[in-house]
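Residue numbers (my numbering): 178 to 424.
Beta carbons: idealized from backbone N, C-alpha and C, even for Gly.
What you are looking at is a predicted structure, and each value in this text was computed from that prediction instead of being measured.
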């Protein structure tokens, strides 16, 4: 992985140094991603409250998801892996020992986002309708299967919280959703964008023109906080910088 890190830095060095965003990227890639790419990261676990209803869970300095606290129970988007899901459940028990996970949502079918759901014991599991066929093709049988399959945009009202599911077809897979909480002015965009970080090359199912369209769609929303599924979160301005970098 250290060679990938060096390659990224070499590529970045070819950019025009006159752009402040590119200078920021060079600094951030060193300070925020060096530990991950060199394999020296730690098993960091943090459940951070961002708004009245929204928490973000960070695991290992790399994985990050969103937990929404409602009067009917928690909404969790992406369990990631069994170890991460177990750690998340431990953190949820600390803030609300008797509150169940009402709904688990899979943002897309990729296997690094969908394992370990059984440790959260959700009452309902939501995923795009194509996800089970992909899992069958991949020959995996350790995923807690959805109880509800969806397609297109959806709006959920659970325990006094509105959650909009935005279908971002043919972008990062054809099963990808972003998640918008208009009351909280928060967007969770799993594998949609990174904040002050560079995505790796060769991502499975990645279609750049579709991803740009998806990011432009999300950019039209009224939000203040953008949460990716990897590394740190940031502001709408940070998100817009990522969009311009991708273009």
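Assigned with DSSP and collapsed to three states, residue 281 falls in strand.
For residue 416, the uninterrupted alpha helix (DSSP H) segment begins and ends at 413-423. The Cβ-Cβ distance between residue 355 and residue 395 falls below 7 Å. Residue 233 places its beta carbon less than 7 Å from that of residue 404.
For residue 389, the enclosing alpha helix (DSSP H) stretches over residues 385-396.
The way I'd put it, the stretch 329-347 doesn't touch the stretch 255-272; fewer than three beta-carbon pairs between them come closer than 8 Å. 7 Å or more divides the Cβ of residue 352 from the Cβ of residue 290. The three-state reading of DSSP puts residue 242 in strand, counting E and B together.
Assigned with DSSP and collapsed to three states, residue 263 falls in helix.
In this structure, 423 is the residue among 423, 288, 297, 292 with its C-alpha nearest to the C-alpha of residue 377. Residue range 338-344 is occupied by the beta strand (DSSP E) that includes residue 342.
By alpha-carbon distance to residue 236, the top candidate from 245, 278, 277, 223 is 223. A straight-line Cα-Cα distance of about 28 Å links residue 402 and residue 308. Collapsing the DSSP output to three states places residue 358 in a strand. Straight through space, the alpha carbons of residue 315 and residue 340 are spaced by roughly 30 Å. In this structure residue 274 is exposed. Its beta-carbon is surrounded by fewer than 16 other beta-carbon atoms within 10 angstroms. The C-beta distance from residue 243 to residue 365 rounds to 4 Å, short enough to meet the 8 Å contact threshold. At the C-beta level, residue 281 and residue 261 stay beyond 7 Å of one another. Per DSSP, residue 227 is not a residue of any beta strand (DSSP E), being assigned neither H nor E. Between residue 283 and residue 257 a beta carbon distance of about 11 Å is seen, past the 8 Å cut, so the two are scored as non-contacting. Judged by their CB atoms, residue 312 and residue 303 are not nearer to each other than the 7 Å cut-off. Under the DSSP definition of a beta bridge, residue 313 lacks any partner. By the beta-carbon neighbour count (other beta carbons within 10 angstroms, threshold 16), residue 332 is exposed. Looking only at 230, 238, 231, 226, the smallest Cα-Cα distance to residue 220 is reached by 238.
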